[in-house]
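Student: For the sequence shown, the working numbering gives the first residue as 4, with consecutive numbering after it.
Below you'll find the structure I mean.
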Amino acid sequence: MEILQAVDVEKLQQEGGYHEVYTSDGKHYHSRAILLATGASYRRLDVPGEEDYIGAGVHFCATCDGPFYKGATEIVVIGGGNAAVEEGLHLTNFAEQVTLLVRGDKLTASQVAIEKVNQPGSKVQVRYNTAVDLFDGQDSS
């Protein structure tokens, strides 16, 4: 079994009882079964500096990249919906505190997720009416 990540599929077809997969890097695979995990689409903020820090402090997947920050004092998550709140809660496994930056005046996540954030002793702090205008730092490499 081979697992491909971040590969664009150019063409799928069936031939001789196999699924044929042609990828943008010019490779060809065949298999009796295919699992396509297309993932979620990431919403970028389109603010200055964001592109410079992607993969070097700005990440889109807490499950994938959270372990890089084990022992951190604070991790910031931008958003107040289900994805942001759930990922923020997951990141409490790696940092002393997680701060959610929410543009509006309330969380829009499910009530269950909001209750977890509001539990006594929660390591999640919420800052409402907060927008990100710029990513700036000392090193983006």
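All residues carry an ideal CB built from backbone N, CA and C; glycine is no exception.
#1: For Val-80 versus Val-135, is the C-beta spacing smaller than 9 angstroms?
#2: Anyone know if the C-beta pair for Gly-20 and Arg-35 falls short of 9 angstroms?
#3: Quick one: Cα of Asn-85 to Cα of Leu-104, how far?
#4: Quick one: any contact between the segment 57–71 and the segment 107–116, if contact means 3 or more CB pairs under 8 angstroms?
#5: Pull the bridge partners of Thr-102 from the DSSP assignment, please.
#6: Near Leu-137, what residues of its chain come up, given a Cβ to Cβ distance below 8 angstroms and the 5 sequence neighbours on each side ignored?
#7: Could you give the C-beta distance for Ile-117 and Val-101, rounded to a whole number, given that I count them as a contact under 8 angstroms?
#8: Skipping 5 residues on each side, what residues in its chain have a beta carbon closer than 7 angstroms to that of Val-127?
#9: For a test of the three-state rule: what should DSSP assign to Ile-57, helix, strand or coil?
#10: Where does Tyr-72 sit, in a helix, a strand or coil, going by DSSP?
#11: CB-CB under 6 angstroms to Ala-65, same chain, minus the five flanking residues each way: which ones, in chain order?
#12: Going by DSSP in three states, Lys-119 sits in which element: helix, strand or coil?
#13: Could you pull out every residue in the same chain whose Cβ sits closer than 8 angstroms to the Cβ of Asn-132, ignoring the five residues on either side in sequence?
#14: On the premise that Glu-23 lies in contact with His-31, defined as a C-beta separation below 8 angstroms, what is that separation, rounded to the nearest angstrom?
#15: Taking the Cβ atom as the reference point for each residue, do Phe-97 and Pro-70 lie within a distance shorter than 9 angstroms?
Tutor: Inspection of the coordinates gives the following:
#1: no
#2: yes
#3: 13 angstroms
#4: no
#5: Val-79, Gln-128
#6: Val-50, Pro-51, Gly-52
#7: The pair is not a contact, with the Cβ atoms about 14 angstroms apart (cut-off 8 angstroms).
#8: Gly-91, Leu-92, Thr-95, Val-101, Leu-103, Val-120
#9: strand
#10: helix
#11: Glu-90, His-93, Leu-94
#12: helix
#13: Val-105, Arg-106, Gly-107, Asp-108
#14: 7 angstroms
#15: yes
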